[in-house]
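Taking it in order: structure first as structure tokens, then the write-up.
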Amino acid sequence: MLPFARVTILGLGLIGSSIARGVRATMPTVRLTGYDADTDVRATVARMALVDDVADSAGTAVIDADLVILCVPVGAMGAVAGEFAADLPADAIVSDVGSCKAEVARALAAALPGATIVPAHPVAGTERSGPEAGFATLFKGRWCILTPATQTPEAATERVRAFWTRLGAEVEIMAAEHHDRVLAITSHLPHLIAYTIVGTASDLEEVTQGEVIKYSAGGFRDFTRIAASDPTMWRDVFLTNREAVLEMLQRFSEDLSQLQRAIRWGKGDELFDLFTRTRAVRRSIVEQGQDDAAPDFGRTHD
Ligand code: NAP
């Protein structure tokens, strides 16, 4: 049996449109309604027929939903919830896909008193945005982390789990605060580092822009992919998951200083030991199916 019959998606960019495509592919009888603040996005979604109905407000979009998923930038979650609060059916479940959980959960609970909320974060994405960037298999084999509050009925969490399982994801449940610390080191800090390296390289005066691009295969281009991620989304992530990011950044800065010292004093063994340990981390990621084993991230060079 399907966990939900009428699903509403608010925010139809990369993640929202991928959910819509995934629902079409795996739960074709589900009635899909979508809404996006951007009129161009609404027109694109209607033209591509990604949902059954494109609503022209968040309120009308949720009116007969049994699952409402917010797929907007994390900084907009509370405001969007406020837009539809008065129209939300009493038995509907509200979820989201935000990259940070504790702050978003607080914003949703404040805007939707009494509603059943099961926050979620599919740990899957690309550096692209918008409805045309989405695809049905984005979540296949990826983790989706649910962070229900302790008072959330287990049956609601189980229905949301069943929904994500249908989309091909592996579901894990954890506390919102724990999620935010884990993602600070596995996702948010890597993005911050990529933004820094690409920013520094483009500011260097003695190396021309042309050379940075020409010799990018030396490693730089792998950072540029991450640093091309959506500016609105990532601005909101850093402002929302501030504490956990600052904590991990502090640890990172200390380790970076240690590496700096090792290089200065010619401590080759220290460098070698670290690089050996990090190689093993990469091997585990490939073994667990979270990346391609092919060299150079599976790129073809023909
Ligand atoms: P996206 O492609 O930029 O899509 C977001 C959509 O929401 C845009 O169409 C945006 O319209 C719309 N929007 C913004 N404010 C709105 C509002 N107040 N009401 C209704 N619609 C609004 O971004 P995304 O990558 O799908 O990210 C969406 C959410 O997923 C974020 O919370 C992000 O943290 C989370 N997430 C992202 C990834 C990833 O890798 N991208 C992975 C996991 C989770 P505009 O055209 O006006 O911007």
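Counted from 1, the sequence shown has number 87 at position 88 by numbering that gives the first Met the number 0; the numbering is strictly sequential.
Idealized CB from N, CA, C, for every residue including glycine.
DSSP, reduced to helix, strand and coil, places ALA119 within a strand of the structure shown. Under DSSP, LEU145 takes part in a beta bridge, and its partners are ALA119, ILE172. Between the beta-carbon of LEU145 and that of VAL117 there is about 6 Å, and that keeps the pair under the 8 Å contact cut. Contact between LEU13 and GLY124 holds, with the beta-carbon distance rounding to 7 Å and staying under 8 Å. Annotated three-state conformation of ARG127 is coil, per DSSP. In this structure, DSSP gives LEU203 a state outside helix and strand, which the three-state scheme calls coil.
Given a length threshold of 4 residues, each whole run of the alpha helix (DSSP H) inside the segment 0-62 is given here in chain order: 13-25, 38-46, 57-61. Excluding residues up to 5 positions away in sequence, ILE92, ALA155 lie with their Cβ nearer than 6 Å to the Cβ of THR115 in the same chain. VAL244 is not bridged by DSSP to any residue. Of the heavy atoms belonging to the ligand NAP, at least one sits nearer than 8 Å to the Cβ of TYR34. DSSP links SER94 through a beta bridge to ILE68.
When the Cα atoms are used, GLU131 and ALA174 turn out to be separated by approximately 33 Å. With contacts defined by Cβ atoms closer than 9 Å, ALA135 and ARG23 form a contacting pair. If you draw a straight line from the Cα of PRO230 to the Cα of SER186, it is about 15 Å long. For VAL211, the enclosing alpha helix (DSSP H) stretches over residues 208-213. In this structure, the straight-line span from the alpha carbon of SER94 to that of PRO147 is close to 10 Å. If you draw a straight line from the Cα of ALA293 to the Cα of ALA84, it comes to about 48 Å. Judged by DSSP in its simplified three-state form, SER252 adopts helix.
A Cβ-Cβ separation of about 7 Å places ARG20 in contact with LEU49 under the 8 Å criterion. From the listed residues LEU166, THR32, GLU171, THR223, the smallest Cα separation to HIS190 is found for THR223. Put simply, the backbone Cα of THR25 is about 6 Å away from that of ARG165. Under a 10 Å Cβ-count criterion, GLU82 is classified as buried, with 16 or more other Cβ atoms of the shown protein chains found around its own Cβ. Following the DSSP letters along the chain, one finds PHE162 inside the alpha helix (DSSP H) bounded by residues 153-165.
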